[in-house]
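Colleague: Residue numbers (my numbering): 21 to 219.
For every residue, glycine included, the Cβ atom is placed at its ideal position computed from N, Cα and C.
Predicted model only: the values in this text are computed from it and were never measured.
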């Protein structure tokens, strides 16, 4: 049981190049399969953290591995969206640049301050992840951007601002910080760091 969280993370990591290859080499015919793999990846992301906590193997190493695998997984899906809908993405390039820029900024700020990548698993970031799922479902499955894409961009911007605030507020690097409010409480010594409910 203790190995299952690592196996689930590894499965999600393997899905990234599979999704990339399907979208690049197979193209239109792979849309439905990519959607299935995306939702399967989400399931592994949910259960790796739950099982890790139940089995007592949740650790900094596991959480960092989970966070970086998430990044690779969603980047592969982002590339798939581009390969399958190049014109839509070109038309919505401002939103894409905002999200990519904010993601890069989070990593830059974290590396400059702590010498490590960010690994907050904040609540707003989880909400943004759900909006990514909805947006990519529309983009891959229905070839539409619309409200789901704009919701994803807005939530993404807000979530990344929250992560940057967490990094700036904390005096030392920590993982699993639910929000900038919690980071402030940790800084003031009024609350110990606690793992968030979902990974």
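1. Are the CB atoms of residue 93 and residue 43 nearer to each other than 8 Å?
2. Is DSSP giving residue 77 helix, strand or coil here?
3. Does the count of Cβ pairs from the stretch 96–115 and the stretch 70–79 closer than 8 Å reach three?
4. Going by alpha carbons, who is nearest to residue 154 out of 125, 80, 30, 176?
5. Mind listing, in chain order, the continuous beta strand (DSSP E) runs of no fewer than 3 residues lying wholly within the stretch 174–204?
6. Label residue 34 either buried or exposed according to how many other C-beta atoms from any shown protein chain fall within 10 Å of its C-beta, with 16 as the threshold for buried.
7. Cβ of residue 80 within 8 Å of Cβ of residue 195?
8. Please return the same chain residues whose Cβ sits closer than 6 Å to the Cβ of residue 215, not counting the five positions on each side in sequence.
9. Grab me the residues of residue 89's own chain with a C-beta within less than 7 Å of its C-beta, minus the 5 sequence neighbours each way, in chain order.
10. With a threshold of 16 other CB atoms inside 10 Å of the CB of residue 135, please say whether the residue is buried or exposed.
11. Please list, in chain order, all residues of the same chain as residue 129 whose beta carbon is under 6 Å from its beta carbon, the five residues on each side excluded.
12. Give me the Cα-Cα distance between residue 106 and residue 163, rounded to the nearest whole angstrom.
13. Alpha carbon to alpha carbon, how far is residue 125 from residue 133?
14. Give me the Cα-Cα distance between residue 63 and residue 198, rounded to the nearest whole angstrom.
15. Where do the N-terminal and C-terminal ends of the alpha helix (DSSP H) with residue 112 fall, by residue?
16. Taking only the alpha-carbon atoms, compute the straight-line gap between residue 192 and residue 96 and give it to the nearest angstrom.
17. Pull up the distance between the alpha-carbon of residue 137 and that of residue 24, whole angstroms please.
18. Exposed or buried, what is residue 166 when buried is set at 16 or more other beta-carbons lying within 10 Å of its beta-carbon?
19. Please list the terminal residues of the continuous alpha helix (DSSP H) segment that includes residue 136.
Modeller: The short version:
1. In this structure, residue 43 does not lie closer than 8 Å to residue 93 by Cβ.
2. coil
3. no
4. 176
5. none
6. exposed
7. yes
8. Its pLDDT being 42, under 50, residue 215 is placed unreliably in this model, and the value from its coordinates should be taken loosely. Closer than 6 Å at Cβ, skipping near neighbours: 196.
9. 29, 32, 33
10. Exposed: under 16 other Cβ atoms inside 10 Å.
11. 184, 187
12. 10 Å
13. 12 Å
14. Rounded to the nearest whole angstrom, the C-alpha separation of residue 63 and residue 198 is 21 Å.
15. Segment: none, residue 112 is in no alpha helix (DSSP H) and carries neither H nor E.
16. 31 Å
17. 24 Å
18. exposed
19. No alpha helix (DSSP H) holds residue 136; DSSP gives it neither H nor E.
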